[in-house]
Amino acid sequence: MVRQPYPITAYGLCCGLGRTTAEVVGALHAGTRGLREVPFAVPFEAITGTVPGELPPLPPHLARKESRTGRLALLGLQDVREAVHAAKARWGNARVATVLGTSTGGIDRTETIHFDWFGRGAPTPPALPSDYVYLEQHPFHAFEDLVVADLGLEGPAFVVSTACSSSAKVFSSARRLLDLGLADAVLVGGVDGLCNTTVRGFHSLGVMASEPCRPFGVDRPGMNVGEAAAYLRLEREPRGGETPKAWLRGVGETSDAYHMSSPDPEGLGAKRAMEASLAQAGVGPEVVGYVNAHGTGTKYNDAAESKALHALFGPEVPVVSTKALTGHTLGACGAVEAIFSIVALEQGWIPAGVGSHPLDAEVEVQVPQKVLERPLRFVLSNAFAFGGNNASVLLERGAR
Amino acid sequence: MTPSIYLHGRGLWSPGIPDVATYLARGEDPSAADPADSTTPPAERPACEVVHPRMKRATSLLTQTSIEVMTQAARDAGFALDQCATVFGSEHGEIQIAVEQMQMMQEGSGIVSPARFKNSVHNTAAGLFSISVVNRGFTTAIAAGEHTFAMSLLEAWMLLADGDVEQVVVSIAEEPLPEPIHDFAPHVALGVAIALGTKSEGALAKIGAPERRRVDGTIEIPSRFSGHPGEGALRLVEAARPTTSRVVDVALSSAWSVRVEPLDAAGRS
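Chains as they are written, first to last, in my numbering: chain X, 689 to 1088; chain V, 30 to 298.
In structure tokens, the structure reads:
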């Protein structure tokens, strides 16, 4: 079914590449990696896509919602806050919905408390500190409540948490809210702060690199975990005379039905997700000028994804994984990389595939070694997750 | 025009309450209303028979409960398990595994178990269900605090109303929270699922979109489930065969409700 396009009229983010949207886009163009020290102690070598500098504390009236993810969520809002207030003024507070993705929410807050509570080894565990408020800090919705409270939004609000596809799937939830007249604007996005659970967890699976990752590269060492907060504003229609940043044209969502943590080696679920997103726009693969790959840098993901890309697009379409620069921002990567795709459409350039060359012989797609300047009309952005959960987002240039 | 959406089936599991029939018969069988212990995971587990025992081994009570009720509701509705879309709701997600991993981080090498980690994501039940029944279609996992069931129901309703799918099963499930966070939300284990579709044939009722509006009276639920994130889903289970049109509260704090309408003999509302 061909779907109604919706305009994306604002965006903003922070991640390992920078604290502001301008810093992030500058580093993306320059091909600068945002990989740094892990911001807490872990018993192995690792580097992570850590947001540079200290994360600002929450304002006093929201301080009860403390977590690293919460702090990150508000830092990432800075470049879209005005746009959200404008949407409230245009449509009304109750007509602006919020759909955000995350994989672990504010789990870092409970980790800190638990390490203290359990780590003392006392026969009687100490009382929990009075500023630890589990329900307002840890669960998936806690950081979204923080965002909603900060912005004063009153529309439907929920979190999608399907691990690394979370904030790609939020686009289809937003489309449904707009299609069915349940909202006139939707703030979508993804937030995941660095935490022990994911850094130690991916290490335990044997897929973490202690050096910068090299998506699609020969002998690639694995992935780097990253953190980010990224937001986009979708609206029913652009303000009169305004050109949107981009149009949301399709979101394909499928399941591999194969394995909890490994992709279908043939990439069939990924291919079906990409095909579904194209079908929603009523276009074929030939219109896509660039694919922002999921490209985690692990052996199995990149091999399966390149098979799916080659089967659908052939060998010519440029494919880049920006995770080489940001690390894998997990539940935030769908929104982060949708923004990168929109930047490519707006500014007419494809980022360099940093670290990808020499390519793995199994990889049969084109990964540019340097920034390619070219006009683009359609860009596809992939996000795949544990559980074989696939989402592929098709975006069209704002100026048609 | 938005198509009509129909309620086709129900699923439910909690310790001592293996299915919807047992729950609805609780007035005749007082044992079904016995208070369950929320402080430790119960020894009793749902059958969760669609999952291979080898795959089930490292999964949580939450995952098993979610899959059990999802399967019950799909079967009650006559939906093919490999075809229906699924929406898995949970406020707290895989909280037992999350805290267990925190303990592992402070013991021995400080490394967590890979088997635990891969089953620690919020969409573990979604992934394991899709693998177990070979369902390659849409699935998602939702959280929204005390509105978790209402928002999961909204996503399910939207999938149907917007023409994405023709059949969807939506669930909410929670397991007891472990120490040291147990007292913040002392819930018992509970899972509830509702099967929805676009066809009226064989349906129990017609169901409207979740909306913010006042409810028509209260549907009593057992005290052990009072304040549970699944409370609204239990009310919908009770209201699934209405004799008159009524508005049912599907969230805590009366924030979200749905209109449930009876069908006539010809399946019309």
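Glycine included, every Cβ here is placed at the ideal spot set by N, Cα and C. From a predicted model like this one, the values you see are computed outputs, not experimental measurements.
Asked	Found
Go ahead and pull the three-state DSSP assignment for G107 of chain V.	coil
Mind pulling the beta strand (DSSP E) runs of 3 or more residues that sit fully within the stretch 1012–1087 of chain X?	1066–1073, 1077–1085
Using a 10 Å radius around the Cβ and a threshold of 16 neighbouring Cβ atoms, would you call R243 of chain V buried or exposed?	exposed
Any Cβ of chain V within less than 8 Å of the Cβ of D767 of chain X?	no
Specify whether the stretch 118–128 of chain V and the stretch 38–57 of chain V touch according to this definition: at least 3 beta carbon pairs, one from each stretch, less than 8 Å apart.	no
Count the other CB atoms, across all protein chains shown, that sit within 10 Å of the CB of Q130 of chain V; report buried if there are 16 or more and exposed otherwise.	buried
Contact criterion: CB-CB distance below 8 Å. Does R937 of chain X meet it with respect to chain V?	no
Would you check if the distance between the CB atom of S943 of chain X and the CB atom of G166 of chain V is smaller than 8 Å?	yes
To the nearest angstrom, report how far apart L763 of chain X and F108 of chain V are at their CA atoms.	45 Å
Closer than 7 Å by C-beta to A76 of chain V: which residues in its own chain qualify, once you throw out the five before and the five after it? Chain order, please.	E97
Looking only at its chain, what residues have a beta carbon closer than 6 Å to the beta carbon of A969 of chain X, apart from the 5 residues adjacent to it on each side?	R937, G938, L1082
Assign C906 of chain X to buried or exposed, taking buried as 16 or more other Cβ atoms, counted over all protein chains shown, within 10 Å of its Cβ.	Looking at the sequence shown, residue 906 of chain X is not Cys but Val. Result: exposed.
Pull up the distance between the alpha-carbon of V80 of chain V and that of A698 of chain X, whole angstroms please.	44 Å
Give the secondary structure of K857 of chain X by DSSP, where H, G and I count as helix, E and B as strand, and everything else as coil.	helix
Taking W805 of chain X as the query, report the chain V residues whose CB atoms sit under 7 Å from its CB, ordered along the chain.	P209
I'd like the list of long-range same chain contacts for W779 of chain X, defined as Cβ closer than 6 Å, with 5 residues on each side in sequence excluded.	D872, A873
Please look up how many angstroms separate the CB atoms of N884 of chain X and V730 of chain X, rounded, as I've assumed it's under 8 Å.	7 Å
Rounding to the nearest angstrom, what Cα-Cα distance links E230 of chain V and V1024 of chain X in this structure?	44 Å
Could you run through the stretch 139–161 of chain V and flag, in chain order, every residue whose CB is less than 8 Å away from some CB of chain X?	G139, I140, V141, S142, P143, F146, K147, N148, S149, V150, H151, N152, T153, A155, G156, L157, S159, I160
Interface residues of chain X around H121 of chain V at Cβ under 8 Å?	P827
So, with DSSP's three-state summary, where would you put Y699 of chain X?	strand
Could you give the DSSP three-state label for Q692 of chain X: helix, strand or coil?	coil
Report yes or no: is there a C-beta of chain X within less than 8 Å of the C-beta of L183 of chain V?	yes
Please confirm whether F1072 of chain X has its beta-carbon closer than 8 Å to some beta-carbon of chain V.	no
How about L705 of chain X and T1014 of chain X: are their beta carbons less than 8 Å apart?	yes
Taking 7 Å as the limit between beta carbons, can you name the residues of its chain near I248 of chain V, skipping five residues before and five after?	R264, E267, A268, V277
Could you pull the start and end residues of the beta strand (DSSP E) that S286 of chain V belongs to?	286–290
Only counting the same chain, and skipping five residues up and downstream in sequence, which positions put a Cβ closer than 7 Å to that of Q692 of chain X?	D867
Cutting at 6 Å between CB atoms, please list the residues of its own chain near A862 of chain X, excluding the five before and the five after it.	V787, V874, V876, L922
From which residue to which residue does the beta strand (DSSP E) around T168 of chain V run?	168–172
Identify the continuous alpha helix (DSSP H) that holds S965 of chain X and give its terminal residues.	956–969
Please name the residue or residues paired with L36 of chain V in a DSSP beta bridge.	V:L225, V:A234
Could you work out which residue in X:V975, X:V887, X:V821, X:Q1054 is closest to K995 of chain X when comparing CA atoms only?	X:Q1054
Residues of the stretch 832–850 of chain X with a CB closer than 7 Å to any CB of chain V: list them in chain order, please.	D833, P844, A845, F846, V847, V848, S849, T850
Just to confirm before moving on: does the CB-CB distance between N989 of chain X and H998 of chain X stay below 8 Å?	no
So, V217 of chain V versus S43 of chain V, is the Cβ gap smaller than 8 Å?	yes
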